[in-house]
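Here the structure is laid out as structure tokens; the discussion comes afterwards.
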Amino acid sequence: LYMVHGSLVGIGLILFSLGAKYFPAAELNLLSLVEVVGGVVWVYLPIFGINEVPSILTVVGGCIVSGAILLNSLGTRYKREAAKIL
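Start counting the sequence shown at 725; every next residue gets the next number (my numbering).
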């Protein structure tokens, strides 16, 4: 399990570093917050036997971060489409 975790984290960091050439810093910063939200989801899953229940503030914070990422991705998508038209 430790080797799988180490491999996944290593591959994720390598891909994040390679992608930094192609995306603005603000988008990469929002993307890095996905790790925090994902960590809460992984701990909450009963598959791994941890069964830790997050507090309501943790869930609200995760929704805020997920909403910010969603709104940012939708906003940049429409900007790129408008730029292609012009």
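We treat Cβ as the ideally placed atom computed from N, Cα and C, and that holds for glycine. Note that the structure is predicted; figures quoted are calculated from it, not measured.
Worksheet item: Could you give the distance in angstroms between the alpha-carbon of L769 and the alpha-carbon of L798?
Response: 28 Å
Worksheet item: Comparing the CB of L757 with every heavy atom of the ligand GDP, is any distance shorter than 8 Å?
Response: As presented, the structure is devoid of all ligands, the ligand GDP included, so that no description of it is given.
Worksheet item: How long is the line joining the alpha carbons of I780 and G791, rounded to whole angstroms?
Response: 16 Å
Fill in: Assigned secondary structure, L754 (DSSP; H/G/I helix, E/B strand, else coil)
Helix, per DSSP.
Fill in: Residue of N775, E776, I771 and L754 minimising C-alpha distance to V789
L754
Practice prompt. Compare the C-beta of G785 against all C-beta atoms of chain B and say whether one is closer than 9 Å.
Written response: Protein chain content of the structure displayed is limited to a single chain, and chain B is not contained in it.
Worksheet item: What are the start and end residues of the alpha helix (DSSP H) that includes L739?
Response: Y726 to G743
Worksheet item: Hey, E759 and N796 are a contact pair by Cβ (cut 8 Å); roughly how many whole angstroms apart?
Response: The C-beta separation of E759 from N796 comes to about 16 Å, leaving the pair out of contact by the 8 Å criterion.
Worksheet item: Based on Cα-Cα distance, which residue from G786, Y726 and K745 lies nearest to G763?
Response: G786
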